[in-house]
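Reading through the structure tokens given below for one structure.
Numbering (my numbering), first residue to last: -10 to 130.
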């Protein structure tokens, strides 16, 4: 039981930590002054479908930041859906990083770190779902 409580706390922490990281990333995408200071350049987007960091920034803000914060709140209110949602958020983060690496044709240490955080988020949720023998909540009751 101690391991399970630790995993739940870790999952909640990961939701907020990843959300904060995504928020900072979205600020870097939206505010041109951050581009130069963080080594970002629109020249990096040359071989991608994007001309600016606007669309990736919006994805970071609304999906990776907003939904991770929302899920962190679900953990605090002890909603079962938090475990499943955390799984999906981890998978989305890992897919985001893979696509980012493929489009930019580079792997930065921060990308590797957040990929591992997404993997850890996914692993923790699978562990909790299996340990509690949870079934995805249905709208049909």
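The beta-carbon is built from N, C-alpha and C at its ideal position, and this holds for glycine as well.
Report the residue from the options whose alpha carbon sits nearest the alpha carbon of residue i.
i	options	result
residue 92	51, 36, 101	36
residue 5	118, 53, 44, 77	53
residue 55	103, -2, 12, 32	12
residue 80	43, 118, 107	107
residue 125	43, 87, 77	77
residue 100	7, 41, 39, 32	7
residue 38	84, 9, 89	89
residue 9	117, 109, 49	49
residue 84	112, 98, 103	103
residue 178	117, 34, 86	In the structure displayed, the chain extends from -10 to 130; residue 178 sits before or after that span and is not available.
Tell me whether residue i sits in a helix, a strand or coil according to DSSP, three-state version.
i	result
residue 41	coil
residue 35	coil
residue 66	coil
residue 94	coil
residue 99	helix
residue 110	helix
residue 58	helix
residue 89	helix
residue 51	helix
Are there 16 or more other CB atoms within 10 angstroms of the CB of residue i, so buried, or fewer, so exposed?
i	result
residue 57	buried
residue 51	exposed
residue 45	buried
residue 82	buried
residue 42	buried
Span of the alpha helix (DSSP H) holding residue i?
i	result
residue 9	-9 to 19
Using beta carbons (cut-off 9 Å, strictly below), is residue i in contact with chain D?
i	result
residue 65	Going by chain labels, chain D is absent from the structure shown, which holds only one protein chain.
Given 8 Å, three or more beta-carbon pairs between the segment 59 to 72 and the segment 10 to 18: no
Within 8 Å, do at least three Cβ pairs link the segment -9 to 2 to the segment 62 to 80? yes
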